[in-house]
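Numbering (our numbering), first residue to last: 416 to 727. See structure below.
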């Protein structure tokens with residue numbers, strides 16, 4: 416192969432009670448990377464489509480570019496040259512793992528072009544470096560599910576320990592992205608550094624309950640466990656009509672609803688596709704009632720992760 420095009424999916428991080436430790440992938444939206452060999456060593460970004468000129472074209476400052484650079488250094492192939500075209504299919508600052516999808520698509524494409532010198536899971540630290548460039552923190556709750564697919568638990572960062580959890584085949588996610596923007600760094604800045612013992616115990620119970628509900632499966636338990644008493648009460652103030660939109664999701668049959676990542680996108684989980692569609696319509700209408708337009712995406716949990724769209 417001389418050229419490859421790879422799609423990496425959007426993700427929902429935190430999943431209510433699991434701040435920085437839970438995440439799952441969805442079928443859409445996502446980002447695409449077109450990567451081809453070049454005679455000039457290093458990584459050059461030829462074009463970025465769909466970012467309105469906001470993303471850096473310098474590889475070392477771009478999430479996809481830095482992920483590939485660190486990967487090449489690790490495997491001892493700094494002699495290799497790549498040209499890249501990045502296509503963004505989701506807004507920046509959406510809370511849908513936009514930076515993670517780009518990083519994953521980039522490093523996955525590079526690994527494929529070089530004949531897969533590393534296993535897919537071993538690409539995770541390089542994708543995490545893309546997150547460090549994007550928001551200052553090399554967290555894995557977006558890049559983990561985008562790279563591995565499915566529902567992912569980040570048990571530990573030192574050493575890195577990521578576990579993929581099976582989810583019910585009939586579980587569907589609704590994502591609603593309102594036409595507002597929340598900066599990830601700002602959303603982290605407003606969080607408290609300490610929490611009460613009472614809230615910590617409640618949160619741990621919900622974390623354990625959500626994992627148990629997914630693996631049993633027990634939909635009622637999933638719904639009861641999708642409660643965040645630490646992060647959501649703080650971050651929800653950044654999202655207009657948050658409470659009304661969440662209530663609309665529950666009124667239309669959602670198991671639970673919360674903030675996707677750092678927002679402003681919101682997500683809901685439902686028992687089936689029909690309910691998930693109805694939930695999306697209700698959430699969208701709640702935003703529209705105050706003049707905020709939004710995009711809605713409905714899909715099952717994406718268990719595949721990145722995929723090759725074409726190769727030549």
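For glycine and all other residues, C-beta sits at the position ideal for the given N, C-alpha and C.
As for any beta strand (DSSP E) of minimum length 3 sitting wholly inside the stretch 491–541, the runs are 496–503, ordered along the chain. Within its own chain, the residues whose Cβ lies closer than 7 Å to the Cβ of residue 668, once the five positions on either side in sequence are excluded, are 685, 690, 693, 694, listed in chain order.
DSSP, read as helix, strand or coil, puts residue 690 in helix.
For residue 472, the secondary structure class from DSSP, reduced to helix, strand or coil, is coil.
About 15 Å separates the beta carbon of residue 656 from that of residue 673, a gap too long to meet the 8 Å contact definition. Within the same chain, and ignoring the five residues on either side of residue 662 in sequence, no residue has its Cβ closer than 7 Å to its Cβ. When C-beta atoms of the stretch 465–485 are compared with those of the stretch 528–544, three or more pairs fall below 8 Å, so the two segments count as touching.
In its chain, beyond the 5 residues on either side, 657 have a beta carbon closer than 6 Å to the beta carbon of residue 651.
Contact annotation: residue 556 and residue 682 have beta-carbon atoms that are not nearer than 9 Å.
Short of 8 Å from the beta carbon of residue 580, and not among the five residues preceding or following it, lie these beta carbons of its own chain, in chain order: 565, 566, 567, 568, 626, 629, 630. The DSSP assignment places complete beta strand (DSSP E) segments of no fewer than 3 residues inside the stretch 653–716 at 671–674, 681–685, 709–715, in order along the chain. 9 Å or more divides the Cβ of residue 478 from the Cβ of residue 425.
The beta carbon of residue 584 sits closer than 8 Å to those of 715, all from its chain and outside the five residues before and after it, given in chain order.
Distance from the CA of residue 448 to the CA of residue 612, rounded to the nearest whole angstrom, comes to 45 Å. For residue 486, the three-state secondary structure derived from DSSP is helix. When secondary structure is reduced to three states using DSSP, residue 434 falls in the coil class, being assigned neither helix nor strand. The three-state secondary structure of residue 560, taken from DSSP, is helix. For residue 638, same chain residues with a beta-carbon under 7 Å away, outside a window of 5 residues either side, are 670, 671 in chain order.
By the C-beta criterion, the stretch 531–541 is judged not to be in contact with the stretch 496–509, since fewer than 3 inter-stretch pairs fall below 8 Å. Residue 717 sits away from residue 446, with the two beta carbons spaced by 9 Å or more. DSSP, read as helix, strand or coil, puts residue 593 in strand.
Between residue 587 and the set 712, 575, 698, the nearest pair of CA atoms involves 712.
Residue environment analysis places residue 571 among the exposed positions, since fewer than 16 neighbouring C-beta atoms fall within 10 angstroms of its C-beta. When only Cα atoms are considered, residue 610 and residue 621 end up about 16 Å apart. About 6 Å separates the beta carbon of residue 421 from that of residue 723, a gap short enough to meet the 8 Å contact definition.
Residue environment: residue 705 is assigned as exposed (fewer than 16 neighbouring CB atoms within 10 Å of its CB, all protein chains considered).
Sequence-distant Cβ neighbours of residue 633 in its own chain, meaning closer than 8 Å and more than five residues away, are 627. Leaving aside the five residues that flank residue 699 on each side, the residues in its chain whose CB is nearer than 8 Å to its CB run, in chain order, 591, 709, 711. Burial of residue 503 is indicated by the presence of at least 16 other C-beta atoms within 10 angstroms of its C-beta.
Annotated as proximal: residue 676 and residue 512, with beta-carbon spacing under 9 Å. Of 653, 703, 644, 696, the smallest CA-CA separation from residue 434 is found for 644. DSSP lists 451 as the bridge partner or partners of residue 418. Counting only residues of its own chain and dropping the five nearest sequence neighbours on each side, residue 459 has a CB closer than 8 Å to the CB of 453, 474, 496, 497, 498, 499.
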